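Report on the structure given below.
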Amino acid sequence: MWLRYFCGSCLAVASIIYCRTVTAVDTNLMIRGNILDAGCIVTGSDDNGVIEVSFGEININKVGTPETERLVNLKVSCDNSVQERKTLQMYVHPTSYGILTSVGQNVLETSLPGLGIALTVGTDAKPVNLNTWTPVPGMSSKNDTWTRSVKIQARLVTPSKSQLQAGKFKATADIIMNYQ
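Heads up: the sequence shown runs through residues -24 to -1, 1 to 156, numbered per mature numbering (1 follows the signal peptide of the UniProt record, and there is no 0).
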C-alpha cells in the first residue's frame, strides 16, 4: 500500500515537472487596422437609403436636352468629428452597366443600348466622373454637426439619336461621400 502511494506521488510530481518544462517558441504577432476620416451619411431627401430617380416617358427626340434632366436630391449628414478645411468629395461607382465612355466619363450606361445618364453637380454643372473622387462645390467642413442638401443633375444622353431605340431602361450606382 505504501508503495502504491509512493508511486502515485512520484507520478504526480513527474507530471508537474513535465508540464513546467515547456520550450519557448518565437511567434510573430501582426496587428492591422485602418484609421478613417469621419464619414457622412448619405440618403435621399426623404431619409431613404435607396434613391430612385424616375424619368417617366420621354420622347426619343428630347434625349440630350434639358427636358430630360432630373434633379437628384441627396441629404448629407456629417458629425462634429470632421476636421476643418476639408472638402466634401463624392465617389460614384456604376453597379450595373458601367460607363458610356463614348459620351463621357460622367455617363452611367443604362440597360438600353446607346442610352446613358450624364451626372453633373453644382450651379456650373461640373461633371461627376465615375469611379473618381469629385469635389462637391460649396461643401467645406466647419467642424460642427450639420445636415445639408447636395443636388446632382441627371440628364439622358446618347452618342447617336438615329441609332437609339425606344424602350424601358434602368441603371444603378453606389454613391460614397467623405471629407478629404
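The beta carbon of each residue, even a glycine, is placed where N, CA and C say it ideally should be.
In this text the structure is predicted, and so the values were computed from the model without any measurement.
- residue 26 classed as buried or exposed, judged by whether at least 16 other C-beta atoms fall within 10 angstroms: If you number the sequence shown from 1, residue 26 lands on position 50. Exposed, by the Cβ-count rule.
- Message: For residue 2, would you say it is in contact with chain C, using Cβ-to-Cβ distances shorter than 7 Å as the test?
- Response: Within the model displayed, chain C is absent; a lone protein chain is all it includes.
- residue 67, enclosing beta strand (DSSP E) - first and last residue: On the sequence shown, position 91 is the one that residue 67 refers to. Under the DSSP assignment, residue 67 falls in the beta strand (DSSP E) whose first and last residues are 63 to 70.
- Task: State the beta-bridge partners of residue 125 as determined by DSSP.
- Result: Numbered from its first residue, the sequence shown carries residue 125 at position 149. According to DSSP, which records beta bridges pairwise, residue 125 is partnered with 51.
- Query: Out of curiosity, what's the CA-to-CA distance linking residue 32 and residue 132?
  - Reply: The residue labelled residue 32 in the question sits at position 56 within the sequence shown. The residue labelled residue 132 in the question sits at position 156 within the sequence shown. Distance between residue 32 and residue 132, taken at the CA atoms: about 12 Å.
- Task: Could you check the C-alpha separation between residue 90 and residue 141 for me, to the nearest Å?
- Result: Position 114 of the sequence shown, counting from 1, holds the residue named residue 90. Position 165 of the sequence shown, counting from 1, holds the residue named residue 141. About 8 Å.
- Query: Which whole-angstrom value describes the C-beta separation of residue 129 and residue 101, a residue pair presumed to lie in contact below a C-beta threshold of 8 Å?
  - Reply: The residue you call residue 129 lines up with position 153 of the sequence shown. The residue you call residue 101 lines up with position 125 of the sequence shown. A Cβ-Cβ separation of about 6 Å places residue 129 in contact with residue 101 under the 8 Å criterion.
- Return the residue from the list 40, 38, 17 and 44 that minimises the CA-CA distance to residue 29. Position 53 of the sequence shown, counted from the first residue, corresponds to residue 29. Ranking 40, 38, 17 and 44 by CA distance to the CA of residue 29 puts 44 first.
- Message: Let me make sure I understand the geometry here. Which of 48, 2, 41 and 3 has the alpha-carbon closest to that of residue 21?
- Response: Taking the first residue of the sequence shown as position 1, residue 21 is located at position 45. Closest option to residue 21, judged by alpha-carbon separation, among 48, 2, 41 and 3: 48.
- Message: Tell me the DSSP secondary structure of residue 37 in three-state form.
- Response: Translated into the one-based positions of the sequence shown, residue 37 becomes position 61. It is helical.
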